[in-house]
Amino acid sequence: MHLTVLGSGTSHPHPKRSSTSFWLETAGGSILLDCSASSILRMAQEGLPWAELDAIWISHFHLDHIGGLAPFLFGIKHAAETRDRTKPLSICGPLGLKTLFDAVDEAGKYRLLEQGFPIEIVEVVEGDEFQILDGVAASVAKTLHKPESLAIRLEDGKRTLCFTSDTGFAPSLGEFAAGSGLFIVESSFVANKAVATHLELSEAMELISIAQPRKALLNHLYPEWDATKFEDLAANYSSPCEVLLAFDGMKIEI
Ligand SMILES: [Zn+2]
Ligand SMILES: [Zn+2]
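Residue numbers (our numbering): 517 to 770.
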């Protein structure tokens, strides 16, 4: 697997961190993990083959995670690059995903799901196991963020990645990520978190200790991270693996 960080930030406007999105290359194809408004620009900036994207995972319906979804479908419906496309695009996420498209379509009569190639909407719930792509197994777990929010674990036969997206603290999430090659865990706040349904660094590090991944990536970083030196903060914790602080444009081999 190969990961490109498109957005390492939050909903808060920031000059260097755009909101949540990752481009993941697997043995079975490419998957976009969350689709923020900025992810459309960021895919193009990174030179990624967006017209060939195979699947999109949506973790929950906050706008810093879905703001680019309807605009992306609107874009590929009319782009020359997708005119000859025949392979399907799968969009997976929590219950309510289809309703979201219905509401947007109703507002603008876009018919976003009617494209020159098939679009499959897959709604999943806590505990589900499914094939997000041929050869890529997915399982999802509930997170303490929103009623619909889900973490996802992906395995392509060679590597495993787990992505918490936004979450409050629950040790079970560390167990869900056990042994993953890369554990992408949110660490919205440095300390003294302002919101119970997010994590601060000490909680993210505790989940990493439980999960024992081969590598961990902290993301969903509020601007308070700008005033810190991560190496100094990380030195306060004993970690079972390398822990990286995400930045837009970061690339990781898993
Ligand atoms: Zn968020
Ligand atoms: Zn959120």
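Positions of the beta carbon are idealized from the N, C-alpha and C atoms, including for glycine.
Check                                                                                                                           : Outcome
T683 Cβ short of 7 Å to ligand 1 heavy atom set                                                                                 : no
Reduced DSSP category for P663 - H, G, I as helix; E, B as strand; rest coil                                                    : coil
Where A717 falls: helix, strand or coil (DSSP)                                                                                  : A small fix is needed here, since residue 717 is Leu in this sequence, not Ala. Three-state result, L717: helix.
Alpha-carbon to alpha-carbon, K674 and H581                                                                                     : 27 Å
Cβ pair A657, L611 closer than 8 Å                                                                                              : no
Cut-off 7 Å between Cβ atoms - residues of its own chain near A712, not counting five sequence neighbours on either side        : G684
Distance between A553 and L579 (C-alpha atoms, nearest Å)                                                                       : 8 Å
Inter-residue spacing [alpha-carbon to alpha-carbon] between H714 and L733                                                      : 16 Å
beta-carbon K603 near ligand 2 non-hydrogen atom, thresh 7 Å                                                                    : no
First and last residue of the uninterrupted alpha helix (DSSP H) at S688                                                        : P687 to F692
Neighbourhood of L569 by C-beta, 7 Å cutoff - its chain only, sequence neighbours within 5 removed                              : S546, L548 and L605
DSSP bridge partner residues for S537 (one or two, in chain order)                                                              : G523
Every unbroken beta strand (DSSP E) inside the region 616-668 [3 residues or more]                                              : 635-640, 645-649 and 652-658
Local Cβ density within 10 Å of D742, reported as buried at 16 or more and exposed below that                                   : exposed
A732, enclosing beta strand (DSSP E) - first and last residue                                                                   : K731 to N735
Boundaries (first-last residue) of the beta strand (DSSP E) holding S703                                                        : First-last for S703: undefined, no H or E at that position.
Top-ranked residue by Cα proximity to D550, from G563, S527 and G544                                                            : S527
Cβ-based burial, R669 [other Cβ within 10 Å; buried from 16]                                                                    : buried
Run of the alpha helix (DSSP H) containing L579, from where it starts to where it stops                                         : L579 to I582
Continuous beta strand (DSSP E) stretch holding A750: start and end                                                             : Element bounds for A750: not the beta strand (DSSP E) but the alpha helix (DSSP H), F746 to A750.
Cβ-heavy atom distance, H594 to ligand 2, below 7 Å                                                                             : no
Any non-hydrogen atom of ligand 1 within 7 Å of D580 CB                                                                         : yes
Close beta carbons around F763, own chain, < 8 Å, minus the five adjacent residues each side                                    : V521, S524, K532 and R533
Same chain, Cβ closer than 8 Å to P587, five either side skipped, listed in chain order                                         : A553 and I556
Contacts around T744, its chain only, beta-carbon distance under 6 Å, and the 5 residues preceding and following it disregarded : V706
S688 beta carbon near ligand 1 (any heavy atom closer than 7 Å)                                                                 : no
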